[in-house]
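Trainee:
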Amino acid sequence: MSSIRAQVLAWVLGFLVLALLVMLYFSYQKALHEIEEIFDAELVQTAKLIGKLVVSDIDSKGAITTSIIADDSDKHKYEKHVSYQVWYRGALVLKSAHAPERPLGTSKGFHEVKIGDKQWWAYGLYLGAGKYHIYTAEDMVARKELSWYFASKSLGVMFWAIPLFALIIAITVDRGLRPLQRISAEVSNRDIHQLTPVADNNTPKELIPLVNALNALLQRLDAAISRERRFAADASHELRTPLSAIRLHSQLAMRASSAEQQCQSLEKVLQAVDQSTHLVEQLLMMARMSPESERLDFEAVELADLCMTLKEKLAEFAAEKGIKIDVEYSPAGLASINSNPHLLHTIVRNLLDNAIRYAYQDSRIECNIIQDADETTISIKDEGPGIPEDQMEQVRERFVRLAGQDIQGCGLGLSIVSQAVERFGGRLILRNRTDGCSGLIAEVKLRSSP
1 MSSIRAQVLA WVLGFLVLAL LVMLYFSYQK ALHEIEEIFD AELVQTAKLI
51 GKLVVSDIDS KGAITTSIIA DDSDKHKYEK HVSYQVWYRG ALVLKSAHAP
101 ERPLGTSKGF HEVKIGDKQW WAYGLYLGAG KYHIYTAEDM VARKELSWYF
151 ASKSLGVMFW AIPLFALIIA ITVDRGLRPL QRISAEVSNR DIHQLTPVAD
201 NNTPKELIPL VNALNALLQR LDAAISRERR FAADASHELR TPLSAIRLHS
251 QLAMRASSAE QQCQSLEKVL QAVDQSTHLV EQLLMMARMS PESERLDFEA
301 VELADLCMTL KEKLAEFAAE KGIKIDVEYS PAGLASINSN PHLLHTIVRN
351 LLDNAIRYAY QDSRIECNII QDADETTISI KDEGPGIPED QMEQVRERFV
401 RLAGQDIQGC GLGLSIVSQA VERFGGRLIL RNRTDGCSGL IAEVKLRSSP
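Quick note: full-length UniProt numbering has the sequence shown finishing at residue 450, numbered continuously throughout.
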């Protein structure tokens with residue numbers, strides 16, 4: 001696993017070393033040039049000084065009053081690499097101890113001369129109308145050696161700057177990553193019972209989006225855990241009643257003194273089993289409606305076919321109460337809607353099931369489909385008691401059943417529909433009928449093209 005610290009240090013130090021190497025190269029070349037300029041200036045200055053001294057030492061007849069070879073008893077280790085010559089009318093009249101016998105030059109100014117196995121960099125100075133030829137020269141090998149030595153000395157400090165810069169950069173990167181390390185430590189110390197938001201005090205602005213996203217995730221996780229806890233508590237509470245009924249009536253059936261009493265108890269057991277089965281189905285359906293469930297896949301769904309299929313599936317349940325289900329749709333209702341078939345099936349089935357449970361005996365349920373370019377409406381209209389206006393919002397919650405009604409159910413139908421519609425980004429509208437008949441109209445409005 002790659003490290004941000006290691007990557008930052010590698011890139012920054014890599015660019016730093018590259019930049020320093022480039023700078024060192026050009027600085028070295030510049031230093032060499034400047035040092036060679038100094039050496040050249042010394043050659044010129046030496047030639048002029050020798051010219052002034054030697055010319056006055058030669059008499060009018062051309063005789064020299066000093067030794068032709070200069071005294072080298074007190075010499076420097078580099079002195080043998082620096083030489084000079086004085087020629088008068090073509091004759092060598094003065095030279096340094098290590099200067100060759102051959103002329104160090106053939107012209108004025110700077111030039112390169114090879115004598116034997118040595119390469120010289122020489123400067124020629126002509127005085128006295130050309131009678132005096134003065135040459136000063138340096139061994140090219142020694143000159144380059146000295147130039148490199150002085151240049152490297154002047155630039156050596158830059159090499160020591162690399163580890164110093166590396167240390168400074170490492171400390172800076174560590175300090176820059178401290179907020180991230182603090183956030184990491186704070187999150188790693190959390191558990192499922194501590195989902196409060198991460199503090200963003202003194203957090204760099206670059207990390208604010210990360211902290212906000214993390215806090216949003218913690219908030220969703222906290223909400224999901226709260227829903228699961230509430231769901232488990234509600235489920236255990238709701239299942240307790242039918243399970244207790246099953247146990248009670250099973251015991252009564254075992255103790256029954258007659259076949260008739262035993263049959264009555266067993267019928268109660270079957271009713272409790274049916275109630276438990278319905279409750280478990282609704283609970284499983286409710287679990288699939290949570291926002292944390294799987295991602296929705298959309299495909300074309302024929303609304304009329306879906307409603308007709310559900311009408312046939314619920315026909316036996318509706319026939320027990322003598323209820324007739326009519327599916328009506330405008331020509332536009334024949335068109336399909338791009339939706340999740342499972343979720344849409346859940347919505348329509350629960351609305352029809354809820355309508356059948358609360359509709360009066362021998363009544364009628366209408367299922368209407370209205371669709372336009374922007375919105376699709378599925379309307380379920382029953383002939384039942386309706387819902388009191390002050391409880392319209394309350395019935396959307398889990399395990400809520402209207403008081404005073406002896407209707408078998410678990411109070412999850414409208415809650416499931418509400419959550420499913422919310423996942424679609426649609427709307428669930430509940431209202432009582434106003435056409436002179438009692439009953440409830442449940443309308444689901446969805447975007448025609450999600």
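Just so you know, even glycine gets a beta-carbon here, dropped at the ideal spot from N, CA and C.
(1) Within 10 angstroms of its Cβ, does D274 collect 16 or more other Cβ (buried), or is it exposed?
(2) Let me make sure I understand the geometry here. Which of L24, I183, A10 and K381 has the alpha-carbon closest to that of D435?
(3) Out of curiosity, what's the CA-to-CA distance linking C437 and Y329?
(4) For N338 and A359, I'd like the C-alpha separation in whole angstroms.
(5) Quick one: what does DSSP say S60 is sitting in, helix, strand or coil?
(6) Can you tell me the Cα-Cα spacing of V187 and V22, whole angstroms?
(7) According to DSSP, is S96 part of a helix, a strand, or is it coil?
(8) Which runs of the alpha helix (DSSP H) at least 4 residues long sit entirely within the region 306-368? Give them in chain order.
(9) When the Cα of A137 is compared with those of G130, A170 and P100, which residue comes out closest?
(10) If you draw a straight line from the C-alpha of L343 to the C-alpha of A253, how long is it?
(11) According to the Cβ coordinates, are G386 and L314 closer than 7 Å?
(12) By the 10 Å Cβ neighbour count, where 16 or more other Cβ atoms means buried, how is H33 classified, buried or exposed?
(13) Counting only runs that start and end within the region 155-232, where is the beta strand (DSSP E) found for 3 or more residues in a row?
(14) Tell me which residues share the same chain as A300 and place their Cβ nearer than 7 Å to its Cβ, disregarding the 5 neighbours each side in the sequence.
(15) Give the range of the beta strand (DSSP E) segment to which L446 is assigned.
(16) Could you pull the start and end residues of the alpha helix (DSSP H) that T376 belongs to?
(17) Would a C-beta distance cut-off of 7 Å place V86 and L94 closer than the cut-off?
(18) Since P242 contacts S265 with CB under 8 Å, what's their CB separation in whole angstroms?
(19) Assign I416 to one of three DSSP states: helix, strand, or coil.
(20) With distance defined between alpha-carbon atoms, name the residue in D372, L430, R447 and V269 nearest to L351.
(21) What is the C-beta distance between W120 and L146, in whole angstroms, given that I count them as a contact (C-beta under 8 Å)?
(22) On a CA-only basis, which of A259, E112, I115 and Y126 is nearest Y88? Give me that one, please.
(23) When DSSP labels each residue in this structure, what does I387 get in the three-state scheme?
(24) If you follow the alpha helix (DSSP H) that R5 is in, where does it begin and where does it stop?
(25) Quick check: what's the CA-CA separation for I369 versus I378?
(26) Can you tell me whether L284 is buried or exposed, with buried defined as 16 or more other CB within 10 angstroms of its CB?
(27) Among residues of its own chain, excluding the 5 on either side of R143, which ones have a beta-carbon nearer than 7 Å to its beta-carbon?
(28) If K311 sits next to I323, beta carbons under 8 Å apart, how far is it from one beta carbon to the other, in whole angstroms?
(29) Skipping 5 residues on each side, what residues in its chain have a beta carbon closer than 7 Å to that of V8?
(30) Can you check whether the CB of L16 is closer than 7 Å to the CB of E165?
(31) In angstroms, rounded to a whole number, what distance separates the CA positions of K205 and F26?
(32) From E260 to A319, what distance separates their C-alpha atoms?
(33) In whole angstroms, what separates the C-alpha of L171 from that of T203?
(34) In three-state DSSP terms, what is E302?
(35) Taking the Cβ atom as the reference point for each residue, do I50 and Y28 lie within a distance shorter than 7 Å?
(36) Starting from R398 and walking both ways along the beta strand (DSSP E), at which residues does that stretch end?
Mentor: On the basis of the coordinates in this document:
(1) exposed
(2) K381
(3) 22 Å
(4) 31 Å
(5) No answer about S60 holds up, because its pLDDT of 49 lies below 50 and its placement is not dependable.
(6) 44 Å
(7) coil
(8) 315-319 and 341-358
(9) P100
(10) 41 Å
(11) no
(12) exposed
(13) none
(14) S336 and N338
(15) L440 to R447
(16) Premise fails: T376 lies in the beta strand (DSSP E), E375 to K381, not in any alpha helix (DSSP H).
(17) yes
(18) Going by Cβ atoms, the distance from P242 to S265 rounds to 15 Å, so no, they are not a contact pair.
(19) helix
(20) L430
(21) Not quite, the Cβ-Cβ distance comes to about 14 Å (not below 8 Å), so this is no contact.
(22) Y126
(23) coil
(24) I4 to V55
(25) 5 Å
(26) exposed
(27) F39 and W121
(28) About 11 Å; that fails the 8 Å criterion.
(29) V173
(30) Residue identity check: residue 165 is Phe in the sequence provided, not Glu. In this structure, L16 lies closer than 7 Å to F165 by Cβ.
(31) 40 Å
(32) 27 Å
(33) The question names Leu, but residue 171 is Ile in the sequence shown. The straight-line gap from Cα to Cα measures roughly 19 Å.
(34) strand
(35) no
(36) From DSSP, R398 is part of no beta strand (DSSP E); its letter is neither H nor E.
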